[in-house]
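So in the numbering used here, spot 18 of the sequence shown is number 1489, and the numbers just go up one at a time. Every residue gets a Cβ at the ideal spot worked out from N, C-alpha and C, and that includes glycine. The structure appears right after this line, and notes come after that.
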Amino acid sequence: MRKEFKGMANELIPMLQRVQRMLGFLPEQALLEIARLTGLSTARVYGTATFYAQFRFQPAGKYIIRVCRGTACHVKGSDRLLDTIEEYLQVAPGQMTPDGLFTIETVACFGSCALAPVMVINDSVYGSLNRSRALKLLDEIRVREEANIKNLSLS
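Have a look at this one:
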């Protein structure tokens, strides 16, 4: 990272993004190192990181499930959808499943209100969801991941 950045304060957000892209989250040690490199206080670095919803401070699953909580999605049942996903995965928003596969998050709005209720898994958008369709998507991911593990074991 030292070669990529000059250590200037105006590089703070790109530095945070780079660390999260590399590690999947922002560990405390990384925040301390960024503060040292930029000459900013640790409080300033942490304050900036906590201001933006894109940054996380705990490891996340391979698949980030984001459920919209906007008005249109709420009216169309996103609360029931979220409850179903939480029950199926046995974790609450902000938590990762023990197998490291899934993390659930909620967002204020995706801006895809015509597709309500909306869920995004990593970069794929799924709209007009109901409970059974959402669970089918999660089951498909689990089956695919289990097949990948079996293929690795056979190699």
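Host beta strand (DSSP E) of residue i (start-end)
i     : result
E1576 : 1573–1578
V1562 : It is not in any beta strand (DSSP E) - V1562 carries neither H nor E in the DSSP assignment.
M1590 : 1590–1592
Y1597 : 1595–1597
Residue burial classification, residue i (beta-carbon count within 10 angstroms, cutoff 16)
i     : result
Q1491 : buried
P1588 : buried
I1556 : buried
M1479 : exposed
V1596 : exposed
S1603 : exposed
S1549 : buried
K1621 : exposed
K1547 : buried
L1623 : exposed
Enclosing alpha helix (DSSP H) for residue i [first to last residue]
i     : result
C1544 : 1542–1546
Y1534 : No alpha helix (DSSP H) contains Y1534, which is instead part of the beta strand (DSSP E) from 1534–1539.
P1485 : 1483–1494
A1480 : Premise fails: A1480 is in no alpha helix (DSSP H) and is neither H nor E.
G1518 : 1513–1522
A1501 : 1499–1509
Candidates the options, of which the one nearest residue i by Cα
i     : options                    : result
T1574 : F1581, I1505, A1563, L1494 : A1563
K1533 : K1547, A1618, R1613        : R1613
D1594 : G1565, R1537, K1621        : R1537
L1572 : K1547, R1540, E1616, A1506 : E1616
Q1488 : L1511, T1513, G1510, A1524 : A1524
M1493 : L1609, L1623, R1527, G1518 : R1527
G1565 : A1531, L1608, A1543        : A1531
G1582 : L1560, R1551, T1542        : T1542
G1598 : N1481, C1539, V1578        : C1539
V1578 : T1568, M1567, I1592        : I1592
M1567 : L1503, G1495, M1486        : G1495
L1608 : M1590, A1618, N1481        : M1590
Closer than 7 angstroms: residue i CB and nearest the ligand ATP heavy atom
i     : result
L1502 : This structure lacks the ligand ATP, and indeed carries no ligand of any kind.
Whole-number beta carbon distance between residue j and residue i, since they are thought to touch under 8 angstroms
i     : j     : result
A1520 : T1513 : That belief does not hold up - the Cβ atoms of A1520 and T1513 are roughly 10 angstroms apart, past 8 angstroms.
L1552 : A1605 : 6 angstroms
V1516 : L1483 : 7 angstroms
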